Amino acid sequence: MSALIHCQNISKSFGSKRLFKDLTIGVDDQDRVGIIGPNGSGKSTLVKIMAGHEEEDDGIVTRRKHIRLAYIAQESSFDPDATVFETVERAAREAGLRTEELVPQVRETLGRTGFHNGEQPVGPLSGGWQKRLAIACGFVQNPDVMLLDEPTNHLDLEGMQWLAQLMSQAPFAWLMVSHDRWFLEHATNKVAELNNRYPDGIFLSTGTYSDFLLQREEYQHAQTQQAQALSGKVRREVEWLRRGPKARTTKAKSRIDSAHALQAELADTTARLHQGNTEVDFVGSGRKTKRLIVGEQLGKKFGAAPLIKEVEVVLSPGMRVGLLGHNGSGKSTLLKLLAKTIEPDKGTVTHAEDLQVVYFDQHREQLNPTFTLRETMLDSGDHVTYRERPMHIVSWAKRFQFRAEQLDLRIDRLSGGEQARAVIARLMLKPADV
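Note that the numbering used here numbers the sequence shown so that position 215 is 519, with each residue one more than the last.
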């Protein structure tokens with residue numbers, strides 16, 4: 305039987321930015337594929353192309369006849385006034401479920417995805433529970449294949465375990481973009497990495513994430529050995545070229561052409577093997593104040609139920625605090641209270657005098673989608689100031705793995721990971737106490 309979805313030699317670019325070229329990948333029955341790769345490598349775009357939400361520039365995408373396909377986007381947009389039941393019911397109707405099976409199917413799906421009260425409104429749901437709702441909307445469609453774009457982003461530890469169990473028992477094939485290694489280890493049977501370091505732009509392995517790491521290490525070792533052998537061959541050919549051979553015969557001309565081709569191949573292989581990483585640090589203000597932020601008897605509620613109650617927090621210089629909790633327990637709300645972006649219903653938040661707080665929110669609300677990357681990174685001119693020294697915007701952008709030609713791209717044309725890097729690049733120019 306043919307593949308559920310098959311992409312053959314597809315290419316995609318946005319302006320001058322090429323995401324991938326001549327990429328081939330497919331999803332077969334029983335496949336549970338995890339997609340990984342650097343930010344901006346085209347993971348989300350690939351999933352959109354497979355789902356039919358984006359057009360490829362070149363190549364062929366085929367889907368099995370009469371296939372039922374569910375697509376879970378990285379960010380979902382729900383009616384905040386609708387109930388959970390109404391939201392999933394709408395997804396079921398749009399998928400063409402018969403009226404007599406609609407209500408039982410919705411109820412069964414809500415129970416499977418952890419919703420015990422279908423009448424609760426969508427608006428107050430946390431990011432993690434909204435993600436569960438999006439997954440419920442996918443499951444209720446009874447798909448043959450599900451395509452998911454980073455559904456693990458907003459899930460807590462319990463939610464991650466729940467999703468891994470849910471997807472490992474799913475009666476359909478799926479392909480999912482995820483950066484979570486634990487999930488990839490426990491739920492997938494194939495892992496594919498999109499990365500320009502590979503000649504085909506992709507490295508596909510069979511098995512768990514551990515199997516992927518082992519197979520990738522073996523591949524990279526073989527590539528390194530090949531590069532070393534190629535380097536020796538190029539060195540010998542360069543020495544021959546330096547003797548100034550004349551292209552008087554067909555054999556001599558062929559060897560000269562071959563030597564130049566070997567040099568180009570070595571340059572390409574070396575570049576792919578040595579793709580750089582970002583090295584940059586936040587700038588601290590050096591403040592010695594013992595109590596930077598103090599939260600006393602903090603309380604906050606949305607609707608009738610208290611989300612945070614009588615919380616006490618003290619942040620001092622040098623502290624590194626990890627905040628854990630179930631989805632909907634108030635983690636993001638507590639951060640907003642401490643940053644003073646929202647007001648508590650009860651209690652007080654006190655900042656040290658002239659405290660400088662750098663706050664990164666999970667939804668990247670600081671970004672204006674119509675701004676270019678250049679406009680986001682700096683207010684005016686061509687230079688930023690980092691550690692009291694000027695740096696050209698191109699050099700600053702490269703530290704965050706952006707190319708010069710991307711500076712004039714609008715923010716809404718960047719991937720989610722690239723948008724996050726743009727926010728961090730802006731925030732890192734600010735001295736911070738917290």
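Cβ atoms here follow ideal geometry from the backbone N, Cα and C, with glycine treated the same way.
Keep in mind that this is a model prediction, so the values were computed, not measured.
- In this structure, DSSP gives H696 an extended state, which the three-state scheme calls strand.
- Sorting A736, E405, F706, D332 by C-alpha distance to the C-alpha of L451 places D332 at the top.
- In the three-state scheme derived from DSSP, where H, G and I count as helix and E and B as strand, I371 is classed as coil.
- Counting C-beta pairs closer than 8 Å gives three or more between the region 447-467 and the region 620-634, which meets the contact rule.
- Contact between S620 and K604 is ruled out by a C-beta separation of about 23 Å, above the 8 Å threshold.
- G341 and E614 have their C-alpha atoms spaced approximately 42 Å apart.
- Under DSSP, the beta-bridge partners assigned to P610 are K605.
- With fewer than 16 other beta carbons inside 10 angstroms of its own, A526 counts as exposed.
- If you draw a straight line from the Cα of Y375 to the Cα of T456, it comes to about 15 Å.
- Nearest Cα to T674 within the set S315, D665, R714, E393: R714.
- For a cut-off of 8 Å, the C-beta gap from L641 to V653 is around 6 Å, short enough to register as a contact.
- In the three-state reduction of the DSSP assignment, K316 falls in the strand class.
- Non-local beta-carbon contacts of M464 in its own chain, meaning distances under 7 Å to residues more than five positions away in sequence, involve T456, D484, W486, F487 in chain order.
- I376 carries a strand assignment under DSSP once its states are collapsed to helix, strand and coil.
- Separation of S472 and R372 (C-alpha to C-alpha, rounded to the nearest whole angstrom) is 19 Å.
- For M450, no alpha helix (DSSP H) run applies; the uninterrupted beta strand (DSSP E) run containing it begins and ends at 449-453, by DSSP.
- Contact annotation: E393 and V410 have beta-carbon atoms nearer than 8 Å.
- The C-alpha of Q705 lies about 12 Å from the C-alpha of I697.
- Three or more beta-carbon pairs separated by less than 8 Å link the region 649-664 to the region 724-731, which places the two stretches in contact.
- With a threshold of 16 other beta carbon atoms within 10 Å, I597 meets it and is buried.
- The residue from L323, F516, L470 with its alpha-carbon nearest to that of E489 is F516.
- In the structure shown, H667 falls within a coil segment according to DSSP collapsed to helix, strand and coil.
- The secondary-structure analysis by DSSP pairs I340 across a beta bridge with E497.
- For the 8 Å CB-CB criterion, D362 and I309 do not form a contact.
- Here the C-alpha atom of R668 lies approximately 35 Å from the C-alpha atom of Q519.
- Around the beta carbon of R436, 16 or more other beta carbons sit within 10 angstroms, so the residue counts as buried.
- Secondary structure note for R322: its beta strand (DSSP E) is the uninterrupted segment 321-331.
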